[in-house]
């Protein structure tokens, strides 16, 4: 993924906003984000990407850690299994594909 420093900063800012919307927790926002598999796939890409060397090391770490914060925020105080199942749908398929 070839992203400039400013683009990665924008990515981190966007993930900050999403994390804030999920925390509290807000179960409606958690369910809304979780049912969009494309957003979950994008978080997976952020976690797996090797950022361009022109992007600072600190910013690369911030992007990956913020993706983890968003994933953790999706699970915060859930009493049902809806979000968990959506995450399994996306990430379990990826794990099975990678291990083949």
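Residue numbers (my numbering): 23 to 122. Where is the CB? At the ideal position from N, CA and C, for every residue including glycine. For clarity, every value in this text was computed on a predicted model and none was experimentally measured.
- By the Cβ neighbour-count rule, residue 92 is buried, with 16 or more other Cβ atoms within 10 Å of its own.
- Contact check for residue 51 against residue 43 passes: the beta carbons are separated by less than 8 Å.
- Within its own chain, the residues whose Cβ lies closer than 8 Å to the Cβ of residue 53, once the five positions on either side in sequence are excluded, are 104, 105, listed in chain order.
- One thing to note: residue 30 has its Cβ within 8 Å of the Cβ of residue 81.
- Here the alpha carbons of residue 98 and residue 79 stand approximately 29 Å from one another.
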